[in-house]
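Visitor:
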Amino acid sequence: MSQTGTMRSVRYLGPRQEFELRAVAIPEPAAGQVRVRIEACGMCRTELHLRDGLLDLGRRDFAVGHEIAGVIDKLGEGVEAAKLGQRVVVYYYVGCGTCRYCRTGDEQLCPQPPSQPGFSSDGGYAEFMVVRATNCVPVADHVPLDLVAPMGCAGSTAVHAGKMAHIRPGEWVVVHGAGGVGLAILQYAKAAGARTIAIGLGADKLALARELGATEIFDAAAQQDAGGFVAAVTGEGADVVFELVGTSASMSLSTAMLRRRGRLVLVGYTGDNFSVHPVELIMRELQVLASVGSTLQDLYDVVDLVATGAIKPIVDYTLPLERFAEGLAAVEHGTLKGRVVLKPGL
Ligand SMILES: [Zn+2]
Ligand SMILES: [Zn+2]
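Quick note: the sequence shown, position 147, residue 174 per this note's numbering, numbers continuous.
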């Protein structure tokens, strides 16, 4: 910990500005909140989207990072004493609690969320944070916190997208983009009984996808014609394609890979548009779905899937908080197999 009363925190100052490591006051939990001593925080492409101005929720000067795991070290008024000392992963949406989406547990769709740790309020690139007590999902003792941290976004996003696709046993599922979210979707689809095709860049990543249960792999860095490959493997085309690359070219390719009545699930994005002639959708009765973040229940589910071994989180390496820029550069260059995780205690 830094000097008394202050902590280290990596601040988002605004679009097209570099993040800055600063000393700020250690936060105190308000009523209904807890303070989490952060043990690990995964690094997500979202941080780059914030920095580059692709995502801007209008708030400034807060700690980024939303794949947060730690230990509850202080309770606000009205929080049950049993929570003290609990090992947890943090759900990063705090909805208004009263709109039609919050009422049904879809806080990720709340039009006016009071806070979103790491997106519009203090998140996990710091030593401590405060958050609504109910946002803390307990983690089983045998699960290391630096492994489970990325499940806070990559894993829960994967489960949410997986549920949206209503995967059925035996279906062919293509995961287009084999990064942190893609590898989790792959494992979710396998657990749901699907046959899977992982498409990614680089032999290492694809070997890992194979290890995690991919039925077929396609290395777009070395092989030509992913569409032809999917058609040959599946017969007609995929039942479901999860689109995680988000370029115009990849989204067109993903659409073309589907069989009739296939489902395209958009999850990843870049600055590119998705353009498709309607006849391409109409003549094959394709469904285009989009998935953002997750519900609190999705996070509970993925933490459970990790505890039982159905989903294996992939962490390339950990770094101390001060070396966040190095971690972000690795995320940006796309050389990671899974996640980099920051550890404020290192
Ligand atoms: Zn709401
Ligand atoms: Zn994320």
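Virtual Cβ for every residue (Gly too), placed ideally from N, Cα, C.
Measuring only the C-alpha atoms, how far is Val-306 from Ser-279?
Guide: 13 Å
Visitor: If you follow the beta strand (DSSP E) that Tyr-39 is part of, which residue opens it and which one closes it?
Guide: 33-39
Visitor: Could you compute how far the alpha carbon of Arg-366 sits from the alpha carbon of Glu-353?
Guide: Distance between the alpha carbons of Arg-366 and Glu-353 is about 13 Å.
Visitor: Taking the continuous alpha helix (DSSP H) assigned at Asp-325, which residues delimit it?
Guide: 323-335
Visitor: Apart from the five residues on each side of it in sequence, which residues of its chain come closer than 8 Å, Cβ to Cβ, to Ser-29?
Guide: Because Ser-29 sits at a pLDDT of 47, beneath the cut-off of 50, its placement in the model cannot be relied upon, and the following sentence gives the value as read from the coordinates. Within the same chain, Ser-29 has close Cβ partners Arg-35, Ala-50 and Glu-154.
Visitor: Got a sec: does ligand 2 put a non-hydrogen atom nearer than 7 Å to the Cβ of His-187?
Guide: no
Visitor: So, helix, strand or coil for Gln-113, using DSSP?
Guide: coil
Visitor: Return the residue from the list Leu-111, Ala-192 and Ala-211 that minimises the CA-CA distance to Lys-232.
Guide: Ala-211
Visitor: What distance in whole Å lies between the Cβ atoms of Gly-182 and Pro-340, which are believed to be in contact at a cut-off of 8 Å?
Guide: 7 Å
Visitor: Taking buried to mean at least 16 other C-beta atoms within 10 Å of its own C-beta, is Thr-362 buried or exposed?
Guide: exposed
Visitor: Could you check if Thr-362 belongs to the surroundings of ligand 2, using beta carbon to heavy atom distance under 7 Å?
Guide: no
Visitor: Do Val-292 and Ser-318 have their CB atoms nearer than 8 Å?
Guide: yes
Visitor: Taking the beta carbon of Ser-277 as the centre, do at least 16 other beta carbons fall within 10 Å, making it buried, or is it exposed?
Guide: Under this definition Ser-277 is a buried residue.
Visitor: Which residues does DSSP pair with Cys-163 in a beta bridge?
Guide: DSSP, once it has assigned bridges, lists Val-117 as partnering Cys-163.
Visitor: Less than 8 Å separating the beta-carbons of Lys-110 and Val-61?
Guide: yes
Visitor: Going along the chain, which residues of its own chain have a beta-carbon closer than 6 Å to the beta-carbon of Ala-67, five neighbours each way excluded?
Guide: Ala-96, Leu-172, Asp-173, Ala-176, Val-368 and Lys-370
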